[in-house]
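Asker: Going by UniProt numbering, the sequence shown runs without a break in its numbering and finishes at 148.
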Amino acid sequence: MTTIERAWLAVVSAEHTRGAVAGGFVQLNHGKRPGVARLHRGDGFVIYSPTDQYGDKTPLRAFTALGIVADDAPYQAAPMSMGTHGTVAPWRRTITFEQLTPLPLVDITAELHLTSQPNWGYQLRRGLVPLTPSDFAVLRTAMTPRST
Numbered sequence: 001m002t003t004i005e006r007a008w009l010a011v012v013s014a015e016h017t018r019g020a021v022a023g024g025f026v027q028l029n030h031g032k033r034p035g036v037a038r039l040h041r042g043d044g045f046v047i048y049s050p051t052d053q054y055g056d057k058t059p060l061r062a063f064t065a066l067g068i069v070a071d072d073a074p075y076q077a078a079p080m081s082m083g084t085h086g087t088v089a090p091w092r093r094t095i096t097f098e099q100l101t102p103l104p105l106v107d108i109t110a111e112l113h114l115t116s117q118p119n120w121g122y123q124l125r126r127g128l129v130p131l132t133p134s135d136f137a138v139l140r141t142a143m144t145p146r147s148t
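Structure (structure tokens):
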């Protein structure tokens, strides 16, 4: 495993995460460009899913995917329906996702710098936040490989 110098945490429902992992990409904030434009090739990328489905109120609170940014720039995908956000051509980044088991937040909270401050979850409202390389490494180790 290579050492990661920069890492990010995105907030995405588990349902949307499953589609992203299957497609090998990520899009953020309803397909807007600014979030994905912050990513660079080789950055670590972790997805935290507060719920299973977008708009659902039933909490999941788990880290559901982890990978590495594998391209050099955002690309625009074919137009698609974004429900109440209309039809958009979303901006995406290619991610090489590792086949890992989702990890409940409660199982790892004490080990993360991310969760060490009071009201730490408030920053997640932005949808994409910097993650320390050490937190990325902790999550990568804790999200055990999925058996095939």
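Glycine included, every Cβ here is placed at the ideal spot set by N, Cα and C.
Quick caveat, the model's predicted, so the values are computed rather than measured.
In or out: residue 86 buried (at least 16 other Cβ within 10 Å) or exposed?
Answerer: Your numbering for residue 86 matches position 86 in the sequence shown. It counts as exposed.
Asker: Sorted by chain position, which residues of the same chain lie with C-beta nearer than 6 Å to residue 47's C-beta, five sequence neighbours on each side aside?
Answerer: Start at 1 with the first residue of the sequence shown, and residue 47 comes out as number 47. If we look at residue 47 and ignore the five residues flanking it on each side, its Cβ neighbours are 10, 12, 17, 64 and 65.
Asker: Return yes when the Cβ of residue 82 is within less than 8 Å of the Cβ of residue 30, no when it is not.
Answerer: For the purposes of this step, residue 30 is identified with residue 30 of the sequence shown, where counting begins at 1. For the purposes of this step, residue 82 is identified with residue 82 of the sequence shown, where counting begins at 1. Taking 8 Å as the Cβ cut-off, residue 30 and residue 82 qualify as a contacting pair.
Asker: Within 10 Å of its beta-carbon, does residue 14 have 16 or more other beta-carbons around it, so buried, or fewer, so exposed?
Answerer: Stepping through the sequence shown from its first residue, residue 14 is reached at position 14. Buried, because 16 or more other Cβ atoms sit within 10 Å of the Cβ of residue 14.
Asker: Provide the residue span of the beta strand (DSSP E) that contains residue 93, from first to last.
Answerer: Locating residue 93 in the sequence shown gives position 93, where the first residue counts as 1. First-last of the beta strand (DSSP E) with residue 93: 91 to 97.
Asker: Residues in its own chain within less than 8 Å of residue 133 by CB, not counting five upstream and five downstream?
Answerer: In the sequence shown, counting from the first residue as 1, residue 133 sits at position 133. Only 3, 4, 5, 6, 7 and 44 meet the Cβ criterion.
Asker: Can you tell me which residues form a DSSP beta bridge with residue 80?
Answerer: By 1-based counting over the sequence shown, the position of residue 80 is 80. Looking at the DSSP assignment, residue 80 forms a beta bridge with 88.
Asker: Apart from the five residues just before and just after residue 53, which ones in its own chain have a Cβ nearer than 6 Å to its Cβ?
Answerer: In the sequence shown, the residue the question calls residue 53 occupies position 53. The answer, listed in chain order, is 13 and 15.
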